[in-house]
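Visitor: This structure is in C-alpha cells; I'll ask about it shortly.
Residue numbers (this note's numbering), protein chains in the order written: chain A, 1 to 93; chain B, 1001 to 1310.
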C-alpha cells in the first residue's frame, strides 16, 4: 500500500506564460514525481501539485528561485488519508 | 454488506463492492423504474454497470451521465450514488423530474473506471487512470479522458505512458471507453452526455481540442450560465463555465468532444467542489452539500434537454 507521509499539496500561482512553461517542464522531470492535481494551464488559473516528501525541497527551491509564488494547501497528505479511512470505518460501524 | 438501499449512508465514501451492492438493492426495490445493464468489462475484468431509469417506451431519447472516470475523484462516485437515489425518490413527487422521465430515459454509470477505483481503495488513493498494461513501459494505465476519438493524440494530451494524461496507444484502446462508445452509438438516441469530474468548480462544454467555437456554442453557454446560477443558489458555490479550451486548457481526446462530434449536442463536463483546500480528499461531510447543489444544475440541463429535443 502506497503511503503519502510528508507529501504536500502546493497551490502555485504563475503570473505569466513563461512561468507556466517552467511548471510544465518541472512536471516532466520524472524523478521529482510531481502529481499535478490542477495542471499548468494559463496565467491566473491556479496550479495544484502534490509533491512527494523527497522532492519538496527541490521543488520549493525551484519555485522560489524563479519567483513563482505558492502556498501549502495540504500539509501532509497521509494525515488526510488517515482521517478519510477512519471516517469510512466509523460510517461502516 | 448493506441489506437495503435505505440503510446506505450517502454521507460516506464507499468501496466498489458496497456501491455495486447498493445498486442491486436500488434495482430490486424499484423494478418499474430502474434496471441494471452491463455494457462491458474493465481491463481487470470487473463489470461495467449502467443504471437505466426508464418509465417505458422503446428507445426513447436519452440522457447519459457518468461519474468516476478519473478514479481518485471520489466526490464524483459519491455524488453519483446520491443522485441515482434522488432520481428514484423524486420520481412521482417532483413534477419536473417526473416530466423528464416521462419523456426521456436516463443512463447512469456511477463507477466508470472500476479498476482505478478499486486501486484507490487498496493501493494508491491518488490513482487517476485505468490499470491497463502499456507495452514497453513499466508505467501502467491510460487517462480515459484523453482516449476518445476526438483530436486523439494531440498536444493537449501526453504520449508518455508514465504521465497522468497519457492518451493510450489508440483511440478507444481502453475497454472502459470503448464500452461507452459502443453503447452510446448503438443506442443512437442519446441527446445529452454529462461527464462528472472534480475538482475546481467548472462547467465545461466543447471544444477542448480546437479553438473554434462549437456550432451550438451560444446555446451551450447560455444553458451553462443558467445551470451554474441554479447550483450557486443553494450554498453559494461559485462555478466558472465555458468551452474547455477557453476556460482551462487545450485537452485532446476528451469524452464530451467525442460525444459532441458524434451528434450529442448537450455535452457537458462538470468539475465539482472544491477550490483547492482538499482537492481529491474532500471530506465526506461535503458529499451531500456537493450532490445537492450539483442536482440543481443537472436538473436545469435535463429540463432543457426535455424541452428542446432535436
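Using N, Cα and C, we set each Cβ at its ideal position, and we do this for glycine too.
Between residue 1164/B and chain A, is the shortest Cβ-Cβ distance under 8 Å, so that the two count as touching?
Guide: Counting from 1 along the second chain, the entry for residue 1164/B is found at position 164. It does; some Cβ of chain A falls within 8 Å.
Visitor: Since residue 1052/B sits in a beta bridge, which residues does DSSP pair it with?
Guide: Translated into positions along the second chain, residue 1052/B becomes position 52. BP columns for residue 1052/B point to 1035/B, 1107/B.
Visitor: Pull up the distance between the alpha-carbon of residue 1067/B and that of residue 60/A, whole angstroms please.
Guide: What you label residue 1067/B is simply residue 67 of the second chain in a count that begins at 1. What you label residue 60/A is simply residue 60 of the first chain in a count that begins at 1. Roughly 34 Å separates the two Cα atoms.
Visitor: Quick check on the burial criterion: 16 or more other C-beta atoms within 10 angstroms. Buried or exposed for residue 1086/B?
Guide: Counting from 1 along the second chain, the entry for residue 1086/B is found at position 86. Counting Cβ neighbours within 10 Å, residue 1086/B comes out buried, since at least 16 surround it.
Visitor: Compare the Cα-Cα distances from residue 1212/B to each of 1250/B, 1126/B, 1299/B and report the closest residue.
Guide: One-based indexing of the second chain puts residue 1212/B at position 212. Ranking the options by Cα distance to residue 1212/B, first place goes to 1250/B.
Visitor: At 9 Å on the CB atoms, spell out the chain B contacts of residue 42/A, in chain order.
Guide: For the purposes of this step, residue 42/A is taken as residue 42 along the first chain, with counting starting at 1. Those are 1248, 1249, listed as they occur along chain B.
Visitor: So, for residue 1109/B: in the same chain, excluding its five sequence neighbours on each side, which residues have a beta-carbon less than 6 Å away from its beta-carbon?
Guide: The residue you call residue 1109/B lines up with position 109 of the second chain. Taken in chain order, the residues that qualify are 1050, 1066.
Visitor: For residue 26/A, count neighbouring C-beta atoms within 10 Å of its own C-beta (all shown protein chains included) and say buried if the count is 16 or more, exposed if not.
Guide: Position 26 of the first chain, counted from the start, is the residue given in the question as residue 26/A. Buried: at least 16 other Cβ atoms inside 10 Å.
Visitor: Go to residue 1178/B, then tell me how far its alpha helix (DSSP H) extends in each direction, as first and last residue.
Guide: Position 178 of the second chain, counted from the first residue, corresponds to residue 1178/B. Note, residue 1178/B: alpha helix (DSSP H), 1175-1187.
Visitor: Following the continuous beta strand (DSSP E) through residue 1057/B, name the residue where it begins and the one where it ends.
Guide: Translated into the one-based positions of the second chain, residue 1057/B becomes position 57. From DSSP, residue 1057/B is part of no beta strand (DSSP E); its letter is neither H nor E.
Visitor: Taking 8 Å as the threshold (C-beta atoms), are residue 1157/B and residue 1172/B in contact?
Guide: Against the second chain, residue 1172/B aligns to sequence position 172. Against the second chain, residue 1157/B aligns to sequence position 157. In this structure, residue 1157/B does not lie closer than 8 Å to residue 1172/B by Cβ.
Visitor: Using a Cβ-Cβ distance cut-off of 8 Å, determine whether residue 1126/B contacts chain A.
Guide: Working through the second chain from its first residue, we reach residue 1126/B at position 126. Interface residue, yes.
Visitor: Answer yes if the segment 1122-1136 of chain B comes into contact with the segment 1221-1238 of chain B, meaning at least three C-beta pairs across the two stretches below 8 Å, and no otherwise.
Guide: At 8 Å Cβ cutoff, the stretches do not touch.
Visitor: Are any of the Cβ atoms in chain A nearer than 8 Å to that of residue 1279/B?
Guide: As a working note, residue 1279/B is residue 279 in the second chain. By this cut-off, residue 1279/B is an interface position.
Visitor: Taking the alpha helix (DSSP H) that residue 62/A belongs to, which residues open and close that run?
Guide: Residue 62/A sits at position 62 when you count from the first residue of the first chain. Residue 62/A -> alpha helix (DSSP H) spans 56-65.
Visitor: Name the chain B residues that come within less than 9 Å of residue 1/A, Cβ to Cβ?
Guide: By one-based count along the first chain, residue 1/A stands at place 1. Chain B residues near residue 1/A: 1122, 1123, 1124.
Visitor: Classify residue 28/A as buried or exposed, calling it buried when 16 or more other Cβ atoms lie within 10 Å of its own Cβ.
Guide: Position 28 of the first chain holds residue 28/A. Result: exposed.
Visitor: Quick one: grab the DSSP three-state call for residue 1127/B.
Guide: As a first step, residue 1127/B must be located in the second chain, where it is residue number 127. Note: residue 1127/B maps to coil in three-state DSSP.
Visitor: What does the Cβ neighbour count give for residue 1271/B, buried or exposed, with the cut at 16 atoms within 10 Å?
Guide: Translated into positions along the second chain, residue 1271/B becomes position 271. Per the 10 Å Cβ criterion, buried.
Visitor: Assign residue 1193/B to one of two classes, buried (16 or more other C-beta atoms within 10 Å of its C-beta) or exposed (fewer than that).
Guide: Residue mapping note: residue 1193/B aligns to position 193 of the second chain, counting from 1. Flag for residue 1193/B reads buried.
Visitor: Under 8 Å between beta-carbons, which chain A residues line up against residue 1284/B? List them in chain order, please.
Guide: By 1-based counting over the second chain, the position of residue 1284/B is 284. Residues of chain A passing the Cβ test: 84, 87, 88, 91.
Visitor: Determine whether the beta carbon atoms of residue 10/A and residue 73/A lie at a separation below 8 Å.
Guide: Residue 10/A sits at position 10 when you count from the first residue of the first chain. Residue 73/A sits at position 73 when you count from the first residue of the first chain. Yes, they are a contact pair.
Visitor: Measure from the alpha carbon of residue 1186/B to the alpha carbon of each residue in 1017/B, 1082/B, 1018/B, 1059/B, then state which is nearest.
Guide: Here residue 1186/B refers to the residue found at position 186 when the second chain is read from its first residue. Of 1017/B, 1082/B, 1018/B, 1059/B, the residue nearest in Cα terms is 1059/B.
Visitor: Start and end of the alpha helix (DSSP H) containing residue 90/A?
Guide: Counting from one through the first chain, the residue named residue 90/A turns up at place 90. Here the alpha helix (DSSP H) through residue 90/A covers 77-92.
Visitor: Can you tell me whether residue 1225/B is helix, strand or coil according to DSSP?
Guide: The residue labelled residue 1225/B in the question sits at position 225 within the second chain. Helix, per DSSP.
Visitor: Hey, does residue 35/A have any beta-carbon neighbour from chain B nearer than 8 Å?
Guide: Residue 35/A sits at position 35 when you count from the first residue of the first chain. Yes, contact with chain B.
Visitor: Do you know how far the Cα of residue 18/A is from the Cα of residue 1012/B?
Guide: As a first step, residue 1012/B must be located in the second chain, where it is residue number 12. As a first step, residue 18/A must be located in the first chain, where it is residue number 18. When rounded, the distance between both Cα atoms is 42 Å.
Visitor: Strictly under 8 Å for the Cβ-Cβ distance: is residue 1013/B near chain A by that measure?
Guide: Taking the second chain and counting its residues from 1, one reaches residue 1013/B at position 13. Cβ-Cβ to chain A under 8 Å: yes for residue 1013/B.
Visitor: Just the C-alpha distance for residue 1300/B and residue 1268/B, rounded to the nearest angstrom, thanks.
Guide: The residue you call residue 1300/B lines up with position 300 of the second chain. The residue you call residue 1268/B lines up with position 268 of the second chain. Between residue 1300/B and residue 1268/B, the C-alpha separation is close to 12 Å.
Visitor: How would you label residue 41/A, buried or exposed, when you count the other beta carbons within 10 angstroms and need 16 or more for buried?
Guide: Stepping through the first chain from its first residue, residue 41/A is reached at position 41. The residue in question, residue 41/A, is buried, as its Cβ has 16 or more Cβ neighbours within 10 Å.
Visitor: Taking only beta-carbon positions, decide if residue 1156/B is within less than 8 Å of chain A.
Guide: Taking the second chain and counting its residues from 1, one reaches residue 1156/B at position 156. It does not; no Cβ of chain A falls within 8 Å.
Visitor: Please tell me whether residue 1254/B and residue 1148/B are closer than 8 Å, where the distance is taken between their beta carbons.
Guide: Residue 1254/B sits at position 254 when you count from the first residue of the second chain. Residue 1148/B sits at position 148 when you count from the first residue of the second chain. Contact: yes.
Visitor: Just the chain A side, please: which residues come within less than 7 Å of residue 1276/B by C-beta, in chain order?
Guide: Here residue 1276/B refers to the residue found at position 276 when the second chain is read from its first residue. Per Cβ cutoff of 7 Å: 11, 46, 48, 73.
Visitor: Give a yes or no on whether 8 Å exceeds the smallest Cβ distance from residue 1009/B to chain A.
Guide: In the second chain, the residue the question calls residue 1009/B occupies position 9. Interface residue, yes.
Visitor: Give the straight-line distance between the Cα atoms of residue 1280/B and residue 1092/B, rounded to the nearest whole angstrom.
Guide: Sequence index remark: in the second chain, residue 1280/B carries index 280 (1-based). Sequence index remark: in the second chain, residue 1092/B carries index 92 (1-based). Computed Cα separation, rounded: 35 Å.
Visitor: Which chain A residues sit within Cβ distance under 9 Å of residue 1021/B?
Guide: If you number the second chain from 1, residue 1021/B lands on position 21. Ordered by position in chain A, no residue passes the 9 Å Cβ test against residue 1021/B, which lies about 13 Å from the chain.
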